[in-house]
Amino acid sequence: MKQGNVKELGPILGIEGGGTKTSWVLMEGDGRRLAEGSERGSNLMLVGAEGLRGVMQRVAKKLPVAPKGIGAGFAGARGKPELAMASAVLRQVWPKAERVRVGQDTDTALAAAWGAEDGFLVIAGTGSNVIGRRAGRRHSVGGHGHLLGDAGSGYDLVQRAMKEVFRFRDREGKPPKLAAALLAHAGAADLDRLVREVYRQREKGWLAGFAPVVLRAAEKGDRCAEGAVHAAAGELAERSAELARRMGVRRPRWALTGGLFQNAFYRGLFTRALRKRCPEGTVVLLRTPGEVGAVRMVEPVLALEESQVRREARVKVEDLPTERANPRSRGSHKKSVVQLVRSFVEEEAFTVRALHGAHREIGRAAEIVSRALRKGGRLIYVGAGTSGRLGVLDASEMPPTFHSPPEQVQAILAGGPEAIFRAQEGAEDDADAGARSVEERGIGRRDVLVGLTASGRTPFVHGALLRGRKNGASTILVTAHPRWKPERGGIRPDAVVRLDVGPELIAGSTRLKAGTATKMVCNILSSVAMIRLGRVYDNLMVHVVPSNEKLKARAIRLVQMLTKVGAEEAERALFDAGGKVVAAVQTLKGKRKMRSKSVLRGKRA
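Mapping of the sequence shown onto my numbering: position 84 corresponds to residue 87, and the numbering continues sequentially without gaps.
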């Protein structure tokens, strides 16, 4: 076999194993993608040999053909023991692979940028690292972790900004403007509470998550933020230049990768700082995904055409009613507050109209949910953004309202709990993550999965519904796209609720009518199911959990209404029953029957 000829070698599997996700692609020699996808994380330090084998076996099941070559880069591959272990696992799963190349996750990025050629890679995300290769030898600076380095990383610039905030308060006796933005992001009441949050043994990713806040403030000219960002970018540029000087490269070429470099403001600062130090160097933003870089670890000469760069599925926004301009809100920027309020109030009439128009579809969905819960199954909402948050809200209200077990009604939100308060960019576009979430929740034939997506097209939701149906679960789609139809090879829900709310007053802002209508559908589905389960008597919330004074007063009032006793006796019975209204009512009615029998016995005597 001729070395380096991809067509002779056959299909190559590229794997990038990160801490939270493992991305893979199977490619032919002509650049065609035969298959691609993702699985759960495969950091070697965390999963070990058995965990890695499990992830790789799941990948193997999805491949149309066995690979002839495998390239892989893993987080946590600190040295020869980890690399040897990973190589052994790959050869066990694919024993007929003729060529296997294993490295660190940074190796896949370096290969994605330059193949086997000389070049530099600057990584700036939660952490940072600078890597260079010359004449086959690899050199690096940084990458020592947030406690010992990571200059110019998200963690570093946030730490610098917070230090500036506290230094300003110590000097001036009052906090700077940046403090308010940091507090809002953290959900902390004041700076002292923020300090407690910082020291609560959180992962470094939590602190790095403030980076977008600091960058926005710096771009607007906030002095504390500007100083921190300039210093962080400058130090990372200095270390990058130091590596080039150490390696004796006069005209270095740099590829930038990592979340921070997706921010144009930070990228511009870093690039200008680097060019001051290395005026003859060139800088490019790396757009080739790591799994394609892993393929290039096996075959460095593989051409990277546009077809080989990961592309997001594009939604035709002109087809979505919620994206169109609403003629009733033209000239909004010229209207008074009173006029705007009137517009928003009057527009909600279309929400009610949409519910009336979909009442048969909602009825079908409610039947499916009620049947599943009566048979011991679960109701699980799945969504992203506003739609997903509404699912979380409805699920969280079930235990205190109906005393239902927390696991009976659940919600899966793209991006996880962090997405409740802050948008997680790109989370909704990951169909594989949606599928994994269904697997990890053990969703199966007794359960019902309700996908919430205003556009009807959200990949995360589609991935979840496809996997749910494959596992035997009932599936429902709730969408604000009145003309939604299933596509070939796509989801085919058991029920589809199409809400024709029309265009929003603010074009594309589906947190308005689309969000209101979605929440009302969630209300109906869960409430009807709870009524059918006997959690409501007449129209009374008899299973309410009296967890605060308002709910305690309501529970006492319910006991009074159902037994006709005084407030003190009702409160005493409720206390004896452990706060359960039904048990308190049954106890009081039982006592009343006993008293009646005693009176009757007395009369007979």
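We treat Cβ as the ideally placed atom computed from N, Cα and C, and that holds for glycine.
{"Item": "Short CB-CB distance (under 8 angstroms) between E421 and chain B", "Value": "You won't find chain B in this structure, because it holds only one protein chain."}
{"Item": "Sequence-distant residues of its chain with Cβ nearer than 8 angstroms to H406 (five each side left out)", "Value": "R538, H546, V547, V548 and K583"}
{"Item": "Which of helix, strand or coil DSSP assigns to A138", "Value": "coil"}
{"Item": "Ordered list of beta strand (DSSP E) runs contained in the region 427-479, each at least 3 residues", "Value": "451-455"}
{"Item": "Terminal residues of the beta strand (DSSP E) in which E572 lies", "Value": "Premise fails: E572 lies in the alpha helix (DSSP H), A570 to D579, not in any beta strand (DSSP E)."}
{"Item": "For T482: DSSP bridge partner residues", "Value": "R501"}
{"Item": "Classification of V68 by the beta-carbon crowding that lies within 10 angstroms, buried from 16 upward", "Value": "exposed"}
{"Item": "Residues near R172 in its chain [Cβ-Cβ closer than 8 angstroms; skip 5 each side]", "Value": "P178, P179, A182 and L194"}
{"Item": "Collapsed DSSP secondary structure at S373 in the structure displayed", "Value": "helix"}
{"Item": "DSSP bridge partner residues for R43 (one or two, in chain order)", "Value": "K24"}
{"Item": "Where the beta strand (DSSP E) containing G122 begins and where it ends", "Value": "G122 to A127"}
{"Item": "Cβ-based neighbour list, K338, same chain, cut-off 8 angstroms, excluding 5 preceding and 5 following", "Value": "S346"}
{"Item": "For E19: DSSP bridge partner residues", "Value": "S26 and G76"}
{"Item": "Element boundaries [beta strand (DSSP E), containing Q162]", "Value": "That residue, Q162, is in no beta strand (DSSP E); its alpha helix (DSSP H) goes G157 to E175."}
{"Item": "Range of the contiguous alpha helix (DSSP H) that encloses R560", "Value": "E552 to T566"}
{"Item": "From K553, G72, A115 and S529, residue whose alpha carbon lies closest to that of T291", "Value": "A115"}
{"Item": "Helix, strand or coil at S512 [DSSP, three-state]", "Value": "coil"}
{"Item": "Per-residue burial, K553 [other beta carbons within 10 Å of its own, 16 or more giving buried]", "Value": "exposed"}
{"Item": "CA-to-CA distance, G122 to I15, given in whole angstroms", "Value": "24 angstroms"}
{"Item": "Identity of the residue in G54, Q107, R81 and K65 nearest G74 by Cα", "Value": "Q107"}
{"Item": "Of the residues T478, G293 and Y540, the one placed nearest K24, counting alpha carbons only", "Value": "G293"}
{"Item": "Spatial distance of S616 from A191 (CA atoms)", "Value": "Because the chain spans 4 through 608 in this model, residue 616 falls outside it and cannot be assessed."}
{"Item": "Where the alpha helix (DSSP H) through Y269 begins and ends", "Value": "A267 to R280"}
{"Item": "Under 8 angstroms between C-beta atoms of M250 and R104", "Value": "no"}
{"Item": "Three-state class that DSSP yields for T285 in the structure shown", "Value": "strand"}
{"Item": "Local conformation of A236 per DSSP, three classes", "Value": "helix"}
{"Item": "Length of the line joining the Cα atoms of G394 and E101", "Value": "48 angstroms"}
{"Item": "Alpha-carbon to alpha-carbon, S26 and D432", "Value": "14 angstroms"}
{"Item": "DSSP-derived helix/strand/coil call for L382", "Value": "strand"}
{"Item": "Cβ contact check for the region 562-569 and the region 389-404: 3 or more pairs under 8 angstroms", "Value": "no"}
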